[in-house]
Each structure stands twice: as structure tokens, then as C-alpha cells.
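Asks:
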Amino acid sequence: MSINETLETLTETEEVKFAMHHVEGLSRHLNKIMVHKKMGHQRVDKLIDSRRELRQTARRLRSELEGMSALVRNLESEILRLSDELQLMLEKNANLSDTNV
1 MSINETLETL
11 TETEEVKFAM
21 HHVEGLSRHL
31 NKIMVHKKMG
41 HQRVDKLIDS
51 RRELRQTARR
61 LRSELEGMSA
71 LVRNLESEIL
81 RLSDELQLML
91 EKNANLSDTN
101 V
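Numbering of the sequence shown is given in our numbering, commencing with residue 1 and proceeding in unit increments.
#1: Could you tell me the distance, in whole angstroms, from the CA atom of glutamate 104 to the CA atom of phenylalanine 18?
#2: How is threonine 99 classed by DSSP in three states: helix, strand or coil?
#3: What three-state label does DSSP hand threonine 9 in the structure shown?
#4: Identify every run of the alpha helix (DSSP H) within the region 37-90, keeping only runs that are complete inside it and at least 4 residues long; order them along the chain.
#5: Can you give me the C-alpha to C-alpha distance between glutamine 42 and isoleucine 48, rounded to a whole angstrom?
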């Protein structure tokens with residue numbers, strides 16, 4: 001039986017009660033939808049915050065990595081300089097040994 005057929009068989013007071021019952025059901029359903037919508041917005045807000053934090057972390061890590069790369073380049077230069085200096089000392093030492101013989 002459809003809602004229209006049901007309404008035709010009811011008295012005016014019963015129609016009002018029937019309508020109120022459906023309005024209350026729709027109201028509860030709407031409240032559930034609103035709660036789910038609010039929860040959805042909260043989840044989206046959390047995701048946005050997480051994304052923002054991840055981007056900040058990525059920027060910080062990128063900056064630290066660039067700093068470490070510069071440090072490694074400086075260390076490589078220093079190692080090469082010290083290696084050249086050591087080579088010169090070894091050559092001088094070898095020359096001194098040759099002249100002392």
C-alpha cells in the first residue's frame with residue numbers, strides 16, 4: 001500500500017499522527033546526515049593539517065639535505081687539499097732521502 005493509499009484510509013487525526021511520525025523519522029535521518037557531514041569535515045580538516053605538516057617536514061628535510069650536501073662538498077674539497085698536501089710532503093721526504101744517501 002502506498003503512502004497516498006494509506007492516507008486516504010486514515011482520519012484527520014490519524015493523518016496528522018502519521019505525518020508527524022514521518023517528519024520525526026526524517027528529522028532523525030537528517031540529524032544523522034548532519035553528524036556524518038560534520039565528522040567528514042573534521043576528517044578533511046585533519047587531512048589538510050596532516051598534508052600541511054608533511055609539506056613543512058619535506059621543506060625542512062630538503063633544507064637539511066642541501067646543507068648536508070654542501071658540507072659533503074666542503075669535506076671532499078678539504079680531503080683533496082689534504083691529499084695533495086700529503087703527496088707534496090711525501091715527495092719532499094723522498095727527495096730528502098735521495099739527497100741524504
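No residue lacks a Cβ here, since even glycine has one placed at the ideal position from N, Cα and C.
Replies: On the basis of the coordinates in this document:
#1: Beyond the ends of the chain as shown, which are 1 and 101, falls residue 104; an answer cannot be given.
#2: Stepping through the sequence shown from its first residue, residue 99 is reached at position 99. Of the three classes helix, strand and coil, the one that applies to threonine 99 here is helix, per DSSP.
#3: The count along the sequence shown starts at 1 and reaches residue 9 at position 9. Threonine 9: coil per DSSP, three-state reduction.
#4: none
#5: As a position in the sequence shown, residue 42 is number 42, starting the count at 1. As a position in the sequence shown, residue 48 is number 48, starting the count at 1. C-alpha separation (whole angstroms): 10 angstroms.
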